[in-house]
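J.: Next up is a structure, given as structure tokens.
2 protein chains.
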Amino acid sequence: MLIHSAGQLLTISGSSQRGHALGDLGIIENGAVLIEDDLIVAVGPSDEMCAIYAGEETLDASGRVVMPGLVDPHTHAVWAGDRAAEFEMRIQGKTYLEIMLAGGGIASTVRKTRSASLDDLLAETRPRLRRMFAHGTTTAEVKSGYGLEIETEIKMLEAILALDAEGPIELAPTFLGAHAIPPEYKVHPHGYTDLICNEMLPAIKEWAVSRRQWAGDRSQSPTTNNQLTDLPFTDVFCETGAFSLEQSRQILETARDLGFPLKIHADEFDNLGGAALAAELGAVSADHLVVTSEEDITALGASSTVAVSLPCTPFGLAEGSYTPAKDFLDANCLLAIATDINPGTAWCESMQFTITLACRYLRLTPAQAIVAATLNAAAAIGRADRIGSLDPGKQADLLILDVPDYRHLGYRIGGNLVQTVIKKGIVYTLYPLPSNS
Amino acid sequence: MLIHSAGQLLTISGSSQRGHALGDLGIIENGAVLIEDDLIVAVGPSDEMCAIYAGEETLDASGRVVMPGLVDPHTHAVWAGDRAAEFEMRIQGKTYLEIMLAGGGIASTVRKTRSASLDDLLAETRPRLRRMFAHGTTTAEVKSGYGLEIETEIKMLEAILALDAEGPIELAPTFLGAHAIPPEYKVHPHGYTDLICNEMLPAIKEWAVSRRQWAGDRSQSPTTNNQLTDLPFTDVFCETGAFSLEQSRQILETARDLGFPLKIHADEFDNLGGAALAAELGAVSADHLVVTSEEDITALGASSTVAVSLPCTPFGLAEGSYTPAKDFLDANCLLAIATDINPGTAWCESMQFTITLACRYLRLTPAQAIVAATLNAAAAIGRADRIGSLDPGKQADLLILDVPDYRHLGYRIGGNLVQTVIKKGIVYTLYPLPSNS
């Protein structure tokens, strides 16, 4: 199938974009993409492509923008229940303690996720993933972390695998047992770190190896979800009130030694040194990065670790502090953005809205934000070799936006510009406007 | 037709809500609404309603929220062209002057709107209105103001009437000849004020009276768009660099004497006294209100003028200052919110996103923001007697939201929670999730 755009074709061709090189969209005006099955076969100017591939079925995207599917590299999309009441309390000025005492906070999501069956969890999560897909996210990372005990953590990972198998959105799993200290360990939090290292990580590895449907058989297929590794990412929330730098190191080093690829939540509220730890350990990404120190930014810039900014979270909390993106670009970092969708601080299903925020509060240009949400986001989940750009050999994950210029991403606020999502070569038509039934 | 909700039915019954009385949703748990043709006939608990109206066709909204359609009382939705390039320049730190010199700013929209045909204008605006409708806006005010000369101003008003007639979204027209000083009057801006008063307003009145399709025939129908008045609103941008307080008074008093209902843009950047002028002249609304003085807030609170906050505009500009909503509630004001959709500062088609902002930056609770976006928004366009709540006799404009609790409006960020829009009794099903074509 030949997708022909008489508007802008954003190829974002080449390697992940570092520092101020961020924002090279590789635009072909009047470009076309040839897809065969689930892969991109050729990209080039429409007139040449149409001459070479004259017999192909054609999808006309005249006057529209064609670009790679959006990649959301940091989500907590699997959970049970909601925290709408807690949101209202927060707006009314209630303190964190008052919210806790009223049964709110992450503990409430942990309680509901523990008591949900796998089927409940799938039913609650499915509409979220569909809306993410409808807003143009073709691949997303999803974390466990509302179990904080082995059984529920594995139930969450099972949910991620099952939803990935359902599609159309493709999911990359992360084990985040170190999301918070569970209530039963409040009196001896070090015990929970030991539990993660001594029992949970080995059990997750054993479980992962046993899941042949994704660790084994599917790795033989060109559409496997796991060309990076057989194991999910291991992630730690390195923050005051969660895991200290020392505990984070203990967990991440144990995970690394077991063969897990690494991620970290760092510097959302306090600078504990998590970003430098990520760089030192060769983590795939370090995420949040609001109050990162200059040295830690420098360390990230000298590493292969992708810096992932999550602007929906300070927005969700109505806080004024965002990732100082310019400092990260000055330090030659690989910068990506993600929704951080979660039931507490940021129930946002739209990477388009994340781009809107990144332009305003990270001061990224639309072009920079788009690369941060595609190719660099793919790098943040270790998949830049397979998704994130329109290059021959990559997976056929594309969007057709109903706009004449890519800068409408960022410029426009709170809507959905996607007209068509193409995932692994399959065409999904979206956003049919109101129909009178 | 009986719409049955096993979840929350938000009636928002009663009069517009002043001061801290804002936020009374009149919730009926397990409520139902009976619609006949385009009107609401009865509202009550489902069990009673189902018993009384047993033979009626039923629409099941089990577990979902049913509420009045959203009303957007301040938009500039009709324009030609876009300003995506200007947005990028702004992000890159270019000054207002540099943007002007590059051909940007409101002058660029005026140029394109002047040169667009009526058909062009309809074709460019129609998708915006459809997306607004898809996000739950069942009625919107729309302003002229990109003509700044009589011919184009009337072309814009003709576009508003034509698009209103097309439906399904219902539009209330406003004449905003006093939006900016047109380039040809930069050397003698007072001359433009005189032109508005001496030539444009009389011409707009003559045109309006001649438009029997809305000023005459349709006023006989229960679904007329003009039960308020035969004339559109007259609005003035009272701001440094636009129209002074004295010029604003001259224009609004002339309009009032001709029988126009009044609106004003006041206190977006500078406090010139426009809000108190609105209160004094009995304007239907005063809009923006970011830097309003205490005296002016007090004057609004003692008047029937609705205070309309436009949080998408400071958000769009990434500015930190929003309407101090608490001060307006303390002063017993009627508070409403609107998108201010326009091609320069805030291309936002979603009143849902406006609610999301209002909760975070105006510190309204979800309940307060919802009333500000329905019943009080209807009052801000003089239509609270006909729309904005689910009361028998009002127009059958309703939404079914795919959420279990109304607080998901506000809590959730950047998506679309609407499942069904009912406009004048006609059911529109929305947001079918991705379909594989």
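Protein chains in written order, with this note's numbering: chain Z, 133 to 569; chain E, 133 to 569.
We put the CB at the ideal spot given by N, CA and C, even for glycine.
The structure displayed is predicted, hence computed values, not measured ones.
#1: Short check: CB of Ala463 of chain E to CB of Val440 of chain E, under 9 Å?
#2: Just curious, the alpha helix (DSSP H) that Lys92 of chain Z is in, first and last residue?
#3: When the Cα of Glu331 of chain E is compared with those of E:Asp459, E:Asn548 and E:Glu285, which residue comes out closest?
#4: Check this for me: beta carbons of Asp419 of chain E and Gly405 of chain E, under 9 Å apart or not?
#5: At a CB-CB cut-off below 9 Å, which residues of chain Z make contact with Tyr493 of chain E?
#6: May I ask you to list the residues that DSSP assigns as paired with His96 of chain E?
#7: Name the one or two DSSP bridge partners that Leu303 of chain E has.
#8: Taking only beta-carbon positions, decide if Leu152 of chain Z is within less than 9 Å of chain E.
#9: Can you pull the chain E neighbours of Trp479 of chain Z, defined as C-beta to C-beta under 7 Å?
#10: Mind the definition here: the segment 270 to 282 of chain Z touches the segment 293 to 304 of chain Z only if three or more C-beta pairs lie below 8 Å; say whether that holds.
#11: For Arg75 of chain Z, which residues in chain E fall below 8 Å Cβ to Cβ?
#12: CB Glu298 of chain E to CB Arg263 of chain E, shorter than 9 Å?
#13: Can you pull the chain E residues whose beta carbon is under 9 Å from the beta carbon of Gln551 of chain Z, in chain order?
#14: Rounded to whole angstroms, what is the Cα-Cα separation between Leu541 of chain E and Trp479 of chain Z?
#15: Leaving aside the five residues before and after Pro475 of chain E along the sequence, list all residues of the same chain whose C-beta is less than 6 Å from its C-beta, in chain order.
#16: Can you check DSSP and say which residues form a bridge with Thr190 of chain Z?
#17: Which of helix, strand or coil does DSSP assign to Pro498 of chain E?
#18: Within the continuous alpha helix (DSSP H) that includes Glu161 of chain E, where are the two ends?
#19: Restricting to runs no shorter than 4 residues, where is the alpha helix (DSSP H) found entirely within the segment 185 to 234 of chain Z?
#20: Kindly list the residues whose CB is nearer than 6 Å to the CB of Asp204 of chain Z, restricted to its own chain and excluding five residues on each side of it in sequence; keep chain order.
#21: Could you tell me which chain Z residues have their CB closer than 8 Å to the CB of Ile223 of chain E, listed as they occur along the chain?
#22: Please report how far the alpha carbon of Cys182 of chain E lies from the alpha carbon of Pro314 of chain Z, in whole angstroms.
#23: What ranges does the alpha helix (DSSP H) occupy inside the segment 443 to 498 of chain Z, keeping only unbroken runs of at least 4 residues that lie completely in it?
#24: Any residues in the segment 463 to 487 of chain E with a beta carbon nearer than 7 Å to a beta carbon of chain Z? Which ones, in chain order?
#25: Find the nearest neighbour of Ser137 of chain Z within the set Z:Asp156, Z:Phe265, Z:Asn162 and Z:Gln551, judged by alpha-carbon distance.
#26: The ligand GTP heavy atoms versus the CB of Leu432 of chain E: any closer than 8 Å?
#27: Given this structure, state the Cα-to-Cα distance separating Ile383 of chain E from Met221 of chain E, to the nearest angstrom.
#28: For the alpha helix (DSSP H) that Asp523 of chain Z lies in, which residues bound it at each end?
#29: Considering only C-alpha positions, which residue in the set E:Arg243, E:Ile487, E:Gln527 and E:Arg260 is nearest to Glu316 of chain E?
#30: Considering His322 of chain Z, what are the terminal residues of the alpha helix (DSSP H) in which it resides?
#31: With distances taken Cα to Cα, identify the nearest neighbour of His152 of chain E among E:Ala516, E:Thr497 and E:Val553.
#32: When you compare the CB positions of Gly514 of chain Z and Ile545 of chain E, do they come within less than 9 Å of one another, or not?
#33: Hey, Glu371 of chain E and Glu400 of chain E: beta-carbon distance below 9 Å or not?
#34: Locate the beta strand (DSSP E) running through Thr506 of chain E, then write down its first and last residues.
#35: Check the Cβ of Cys444 of chain Z against every Cβ in chain E and list those closer than 7 Å, keeping chain order.
#36: Taking only the alpha-carbon atoms, compute the straight-line gap between Leu530 of chain E and Gly201 of chain E and give it to the nearest angstrom.
T.: Put simply:
#1: No, Cβ-Cβ distance for Ala463 of chain E and Val440 of chain E is not below 9 Å.
#2: No answer is possible for residue 92 of chain Z: the residues shown for chain Z start at 133 and end at 569.
#3: E:Glu285
#4: no
#5: Ala450
#6: Residue 96 of chain E lies beyond the stretch modelled for chain E, which goes from 133 to 569, so this question has no answer here.
#7: E:Ala272
#8: Leu is not the amino acid found at residue 152 of chain Z; the sequence shown has His there. At a cut-off of 9 Å between beta carbons, His152 of chain Z makes no contact with chain E.
#9: Tyr543, Arg544 and Ile545
#10: Taking a contact to require three or more Cβ pairs closer than 8 Å, the segment 270 to 282 of chain Z and the segment 293 to 304 of chain Z qualify as touching.
#11: The requested residue 75 of chain Z does not occur in the structure, where chain Z is confined to residues 133 to 569.
#12: no
#13: Near Gln551 of chain Z there are no residues of chain E at all, since even the closest Cβ is about 11 Å away, more than 9 Å.
#14: 11 Å
#15: Trp211, Asp214, Arg215 and Thr241
#16: Z:Leu134
#17: helix
#18: Unbroken run through Glu161 of chain E is the beta strand (DSSP E), Ile159 to Glu161; no alpha helix (DSSP H).
#19: You should have 216 to 223 and 228 to 233.
#20: Thr269, Ala272, Ala470, Thr471 and Met483
#21: Cys491, Arg492, Arg495, Leu496, Thr497, Pro498 and Gly542
#22: 47 Å
#23: For the segment 443 to 498 of chain Z, the continuous alpha helix (DSSP H) assignments of 4+ residues that do not extend past its boundaries occur at 444 to 448, 457 to 462 and 483 to 493, in sequence order.
#24: Ala478, Trp479, Cys480, Glu481, Ser482 and Phe485
#25: Z:Asn162
#26: Looking for the ligand GTP in the displayed structure turns up nothing, as the structure carries no ligands at all.
#27: So the two alpha carbons sit approximately 34 Å from each other.
#28: Where Asp523 of chain Z is concerned, there is no enclosing alpha helix (DSSP H), given that its DSSP letter is neither H nor E.
#29: Glu316 of chain E has its Cα closest to that of E:Arg243, out of E:Arg243, E:Ile487, E:Gln527 and E:Arg260.
#30: Pro321 to Leu327
#31: Checking every option, the nearest Cα to that of His152 of chain E belongs to E:Thr497.
#32: Taking 9 Å as the Cβ cut-off, Gly514 of chain Z and Ile545 of chain E do not qualify as a contacting pair.
#33: Glu400 of chain E sits close to Glu371 of chain E, with the two beta carbons spaced by under 9 Å.
#34: Careful: Thr506 of chain E lies outside any beta strand (DSSP E) and carries neither H nor E.
#35: The contacting residues are Ile545.
#36: 5 Å
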